[in-house]
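Right, one structure below, let's go through it.
Protein chains in written order, with our numbering: chain G, 42 to 368; chain L, -14 to 259.
In structure tokens, the structure reads:
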């Protein structure tokens, strides 16, 4: 009953944010509402704002879902999708595409590069950690893969063909939903769906894991299977997200924390609400960008961190109650 | 009934607008600082639908006063759609997502390579001139620029002092850059290029001091207060060097984008303050 009300509330919030995302535009004079007259409405609504709202929903949902699954799997409230190197691997793949000037050749080269980078990061992680499947090894290997990808990205920036190219790469890595097309939606949707299904399949295993690996095994759940479902699903879904939006931080970290007091302690009960909550938060941040006074658009990753960080601090400074910090 | 009439009126207006646009030259929007300035040089004022907001900033743009007479944009597709241009001029490093979306929406999108030499300026002038139907004006500007370049080449001083360029953040200019070609035209040797630097990058203070430059070229970001801005940029060792050498300040806008006016910097470099 409680969970039904939570789902309805969050779904309403997400839909309201999506509707706002369709209705709010931005011109040189600042925010506008509506669709700019009869002859422009179709194009503005279907070609410009619909892809933006859909991607906000998909990317935000992915970040929330994967954040909740990782926090459950690692039994660590600091876990988030960036931890496994999926984001930084994706960013590296995209930067390599920029660097070799392939981005101009084919509109899908950039997203394909990012997904490839994300999968490469996962494959490296798998190679490093497969023999010893324990959590600590996975986390440490994830940190190492992250550091390597970040270093290679900086290296590419260092040797960028022109200062303009370096700047473009930096801006892209701050994350944005602006001016994407439906082609980007169709590109990421299958990858995200596959990722979501993998993560969803881990739900009961995650619950069993809260009792400890050995107890879970005695209940018939293979902890390794759960691990790889979550890790593989995250790499696919988050890699696809990074591919079209750059790196959007903090959503995967904040949303599960925010919803845990309402969703309860079981990791599986947090997955669905975190998906909806992540979508609502990301869409709201993207609307906020367009509501600001006239000026160049802020980047989405900047706004999610600006909104998320103080809120997160407030959350962790509160006296411990309920399950707010324990996974 | 009233709705139908309104729709008919709108349709008639659209048809009229379309037929008069066919007679007139294409309306142009620019979303890149360098493209903005080329458009300002080439287009009739009534052809210009919108320019990027940077074009109106005198720190960035040599044609800020002219740019302020036009609508400005922040380079997003939705803004441009409302200006309904026929042609959109961008840079090859302008946001790729925006360029693709605009092309998908049916605009003719032209992307300009950054100008790395005077030939590049001529090439971009020709591209923009063709895109907006101002070929004759483009040819005149290109011919005048080549003529001026030839004159500068003929008057180049025989003595070639070693010069070093100090830009904000310690950056300098290497070979394969527009600024390098302009320094060569001015008749000075670009120390950074002799040190093997190509395109862009930075040289250490030690390298710069050891190269014994005879002239220091600042590219001030604040054209009206160059000494103040540049003093903060300088390493103490370079500052000491600068006190004993002639210096010259070229405002950033002359080298940030390749324009016929970029050749003005050649004369600036030839007349250093002692």
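We put the beta carbon where it would ideally sit given N, CA and C, even for glycine.
Cβ of residue i within 8 Å of any chain G Cβ
i	result
residue 58 of chain L	yes
residue 99 of chain L	yes
residue 63 of chain L	yes
residue 82 of chain L	yes
residue 7 of chain L	A caution first: residue 7 of chain L carries a pLDDT of 45, below 50, which makes its placement in the model unreliable, though a value can still be read off. No, residue 7 of chain L lies away from the interface with chain G (no Cβ there is under 8 Å from its Cβ).
residue 115 of chain L	no
residue 66 of chain L	yes
residue 4 of chain L	Summary for residue 4 of chain L: the model assigns pLDDT 47, below 50, so the residue's position carries little reliability; its value from the coordinates is reported in the next sentence. Not closer than 8 Å to any Cβ of chain G, the Cβ of residue 4 of chain L fails to qualify, so no.
Chain-ordered neighbours of residue i on chain G, where CB pairs are closer than 9 Å
i	result
residue 164 of chain L	The premise fails here: residue 164 of chain L is roughly 12 Å from chain G at the closest Cβ pair, so nothing lies under 9 Å.
residue 90 of chain L	84, 88, 89
residue 76 of chain L	205
Within chain L, the residues that residue i reaches when beta carbons sit closer than 9 Å
i	result
residue 336 of chain G	38, 59
C-beta neighbour in chain L for residue i, strict 8 Å
i	result
residue 65 of chain G	no
residue 288 of chain G	no
residue 222 of chain G	yes
residue 209 of chain G	yes
residue 157 of chain G	no
residue 53 of chain G	no
residue 131 of chain G	no
residue 77 of chain G	yes
Contact check, residue i vs residue j, beta carbons under 8 Å
i	j	result
residue 209 of chain G	residue 78 of chain L	yes
residue 155 of chain G	residue 168 of chain G	no
residue 55 of chain L	residue 83 of chain L	no
residue 37 of chain L	residue 17 of chain L	yes
residue 288 of chain G	residue 163 of chain G	no
residue 72 of chain L	residue 96 of chain L	no
residue 63 of chain L	residue 69 of chain G	no
residue 292 of chain G	residue 323 of chain G	yes
residue 357 of chain G	residue 344 of chain G	no
residue 55 of chain G	residue 304 of chain G	no
residue 131 of chain G	residue 121 of chain G	no
residue 150 of chain L	residue 164 of chain L	yes
residue 183 of chain G	residue 126 of chain G	yes
residue 93 of chain G	residue 219 of chain G	yes
residue 270 of chain G	residue 235 of chain G	no
residue 194 of chain L	residue 233 of chain L	no
residue 80 of chain L	residue 14 of chain L	no
residue 257 of chain G	residue 249 of chain G	yes
residue 254 of chain G	residue 264 of chain G	yes
residue 341 of chain G	residue 233 of chain G	no
residue 372 of chain G	residue 78 of chain G	Residue 372 of chain G falls outside the range modelled here, since chain G spans only 42 to 368, and no answer is possible.
residue 152 of chain L	residue 204 of chain L	yes
Endpoints, alpha helix (DSSP H) assigned at residue i
i	result
residue 77 of chain L	That residue, residue 77 of chain L, is in no alpha helix (DSSP H); it is neither H nor E in DSSP.
residue 84 of chain G	Per DSSP, residue 84 of chain G belongs to no alpha helix (DSSP H) and is neither H nor E.
residue 201 of chain L	Here residue 201 of chain L belongs to no alpha helix (DSSP H); instead the beta strand (DSSP E) covers 200 to 203.
residue 99 of chain G	91 to 115
residue 298 of chain G	292 to 304
residue 152 of chain G	150 to 170
residue 268 of chain G	264 to 286
Cβ-heavy atom distance, residue i to the ligand NAP, below 7 Å
i	result
residue 349 of chain G	Inclusion of the ligand NAP in the displayed structure is not the case, the ligand content being empty and no account of it being possible.
Residue i - partner residues in DSSP beta bridges
i	result
residue 73 of chain G	G:66
residue 311 of chain L	The structure shown does not extend to residue 311 of chain L, since chain L spans only -14 to 259, so no value can be given for it.
residue 136 of chain G	BP columns for residue 136 of chain G are empty, so no partner.
residue 58 of chain L	L:37
residue 52 of chain L	BP columns for residue 52 of chain L are empty, so no partner.
residue 129 of chain L	Answer is none; residue 129 of chain L lacks a bridge partner.
Proximal chain L residues relative to residue i, where beta-carbon distance stays under 7 Å
i	result
residue 62 of chain G	By Cβ distance, chain L contributes nothing, its closest Cβ being about 13 Å from residue 62 of chain G, past 7 Å.
First through last residue of the beta strand (DSSP E) which encompasses residue i
i	result
residue 148 of chain L	147 to 151
residue 232 of chain L	232 to 234
residue 315 of chain G	Unbroken run through residue 315 of chain G is the alpha helix (DSSP H), 308 to 332; no beta strand (DSSP E).
residue 15 of chain L	13 to 15
residue 93 of chain L	93 to 97
Chain-ordered neighbours of residue i on chain G, where CB pairs are closer than 8 Å
i	result
residue 86 of chain L	88, 89, 220, 221, 222
Neighbour list for residue i in chain L, Cβ cutoff strictly below 8 Å
i	result
residue 151 of chain G	81
residue 81 of chain G	66, 67
residue 68 of chain G	63, 64, 67
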